[in-house]
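Below is one structure, written out as structure tokens; comments come after it.
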Amino acid sequence: MKGIIRLRDRTDHGGFVETASSTTIVDGLPAALVGDRVSCPRAGHGTTSIMPGEGHIFSDARQVALHGFKAGCGCMLISSSTGMGE
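221 is the number of the first residue of the sequence shown in this note's numbering; add one for each residue after it.
Take a look at the structure:
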């Protein structure tokens, strides 16, 4: 099972999830959804969005981001949550 991505979770490029617009709370923080913002410190990447991935969990009519989903710059999202998705 993959962990749910939440506000402030990290990426493999050293960035982090900047926004989590879900009303769903996982381990005390809001879950991040496809389209939420990710900050990437790599040159030329900047702020990008979480891209759709494989998963069937939705909140507020949007796909919930899971460990391994990617942002627009290609970085992979890393879940720090104990709350599991699919």
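For every residue, glycine included, the Cβ atom is placed at its ideal position computed from N, Cα and C.
Length of the line joining the Cα atoms of residue i and residue j
i, j, result
"G275", "F236", "21 Å"
"C295", "E238", "14 Å"
"M221", "S299", "11 Å"
"A281", "R262", "31 Å"
"G264", "T231", "16 Å"
"C260", "I270", "12 Å"
"I224", "G292", "18 Å"
Residue environment, residue i, which counts as buried when at least 16 other CB atoms sit within 10 Å
i, result
"T187", "Residue 187 is absent from the structure shown; the chain starts at 221 and stops at 306."
"T268", "buried"
Segment limits, beta strand (DSSP E) that includes residue i
i, result
"G288", "That residue, G288, is in no beta strand (DSSP E); it is neither H nor E in DSSP."
Residues near residue i in its chain [Cβ-Cβ closer than 6 Å; skip 5 each side]
i, result
"S241", "L253, D256"
Contacts around residue i, its chain only, beta-carbon distance under 8 Å, and the 5 residues preceding and following it disregarded
i, result
"F278", "V284"
"D229", "F236, V237, A252, L297, I298, S299, S300, S301"
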